[in-house]
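Per my numbering, the sequence shown runs over residues 6 to 183.
Just so you know, even glycine gets a beta-carbon here, dropped at the ideal spot from N, CA and C.
All values reported here derive from a predicted model rather than from experimental measurement.
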Amino acid sequence: MMKDLEAYVIKFVGLKQGKHQFEYKITDEFFDFFEYDDFNTAEVNMTILLNKKANMLEFSFTAKGNINLNCDVSTEAYDQPVQNTFELVVKFGDEYNDDNEDLLILPWSDYELNIAHYIYETIVLAIPQKRIHPGVEDGTLDSEILDKLDELQPKAEEDKNEDDIDPRWEDLKKLLND
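As structure tokens, then:
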């Protein structure tokens with residue numbers, strides 16, 4: 006498994022100080038390594054900008070692409086555009102420490118960093134919590150599930166007759182106005 010993620014290892018020791026750019030095309034196969042299957046397909050371009058300084062490394066991760074998801078309302082598949090950035094500072098110290106999400110401390114002896122997990126997090130955090138097909142939002146999606154949901158929708162308040170209102174509510178409304 007780690008052998009397959011070898012493409013995401015950046016050997017920073019041999020790099021000159023300054024900016025270095027790395028490009029990756031991330032597809033659903035990448036997420037198989039993390040056993041993540043909350044979407045159908047993924048096609049995301051990752052740009053990693055590494056600014057190597059004398060005593061630290063600054064990484065900037067930028068994800069942009071499309072992920073095919075199933076809608077939470079209609080269960081219809083749709084392409085969700087995703088875009089996200091993540092900044093990581095890598096410093097060196099006596100021992101490994103990743104307690105802070107924006108700061109990674111590597112031992113002085115380290116000469117490379119596997120960035121696969123940071124790529125994974127950058128993309129997964131770009132996926133919206135609530136997944137709604139654009140056709141559901143604008144009313145253009147024709148779906149049996151949506152038709153059934155409309156059919157089961159409770160009747161609107163204006164359909165109720167004024168006589169059906171419990172007189173106790175009227176008394177309570179008077180208290181609000183006092």
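Out of ILE120, ASP171, ILE132, point me to the one whose CA is closest to ASP9's CA. The count along the sequence shown starts at 1 and reaches residue 9 at position 4. Considering only alpha carbons, the answer is ILE120.
Quick one: what does DSSP say GLU100 is sitting in, helix, strand or coil? Walking along the sequence shown from the start, residue 100 turns up at place 95. GLU100: coil per DSSP, three-state reduction.
Contact between the region 62-73 and the region 93-106: three or more CB pairs below 8 Å? Segments in contact, yes.
Residues near TYR112 in its chain [Cβ-Cβ closer than 8 Å; skip 5 each side]: The count along the sequence shown starts at 1 and reaches residue 112 at position 107. Note on residue identity: the sequence assigns Pro, not Tyr, to residue 112. Closer than 8 Å at the Cβ level, and outside the excluded window around PRO112, lie PHE97, GLY98, ASP99, GLU100, TYR101.
Am I right that ILE31 and ILE170 are in contact with their C-beta atoms under 8 Å? What's the rounded C-beta distance? As a position in the sequence shown, residue 31 is number 26, starting the count at 1. As a position in the sequence shown, residue 170 is number 165, starting the count at 1. With 8 Å as the limit, ILE31 and ILE170 do not qualify as a contact, their Cβ atoms being about 57 Å apart.
Between ASN89 and ILE132, what straight-line distance do the alpha-carbon atoms span, to the nearest angstrom? Along the sequence shown, read from residue 1 onward, the residue named residue 89 stands at position 84. Along the sequence shown, read from residue 1 onward, the residue named residue 132 stands at position 127. So the alpha carbons of these two residues sit roughly 9 Å apart.
Compare the C-alpha of PHE44 against each of LEU181, ASP33, PHE38, GLN158 and name the closest. As a first step, residue 44 is located in the sequence shown; it is residue number 39 there, counting from the start. For PHE44, the nearest C-alpha among the options comes from ASP33.
Of the choices ILE137, ARG173, GLU81, TYR29, whose alpha-carbon is the least far from that of GLY70? To locate residue 70, count along the sequence shown from 1; it is residue 65. Nearest of ILE137, ARG173, GLU81, TYR29 to GLY70, Cα basis: TYR29.
Neighbour-count burial assignment, LYS109, 16 or more Cβ in a 10 Å radius: Locating residue 109 in the sequence shown gives position 104, counting from the first residue. It should be noted that the sequence gives Leu, not Lys, for residue 109. Classification of LEU109: buried, given that the 10 Å Cβ count is 16 or more.
Assign SER114 to buried or exposed, taking buried as 16 or more other Cβ atoms, counted over all protein chains shown, within 10 Å of its Cβ. Translated into the one-based positions of the sequence shown, residue 114 becomes position 109. Around the beta carbon of SER114, a 10 Å sphere encloses fewer than 16 other beta carbons of the protein chains shown; the residue is thus reported as exposed.
Are LEU118 and PHE17 touching if we call contact CB-CB under 8 Å? Along the sequence shown, read from residue 1 onward, the residue named residue 118 stands at position 113. Along the sequence shown, read from residue 1 onward, the residue named residue 17 stands at position 12. Cβ distance < 8 Å, so LEU118 and PHE17 count as in contact.
Hey, how far is the Cα of MET7 from the Cα of PRO159? For the purposes of this step, residue 7 is taken as residue 2 along the sequence shown, with counting starting at 1. For the purposes of this step, residue 159 is taken as residue 154 along the sequence shown, with counting starting at 1. Note that MET7 scores 48 on pLDDT, short of 50, meaning its location in the model is unreliable; the coordinates nonetheless yield the value given after this. Cα to Cα, MET7 sits roughly 53 Å from PRO159.
Under three-state DSSP, which class holds MET7? Taking the sequence shown and counting its residues from 1, the one referred to as residue 7 is at position 2. Low local confidence applies: a pLDDT of 48 at MET7 is under 50, so the model's placement there is unreliable, with the coordinate-based value given in what follows. For MET7, the three-state secondary structure derived from DSSP is coil.
Ordered list of alpha helix (DSSP H) runs contained in the region 72-128, each at least 4 residues: Assignment of alpha helix (DSSP H) within the region 72-128, counting only whole runs of 4 or more residues, yields no such run.
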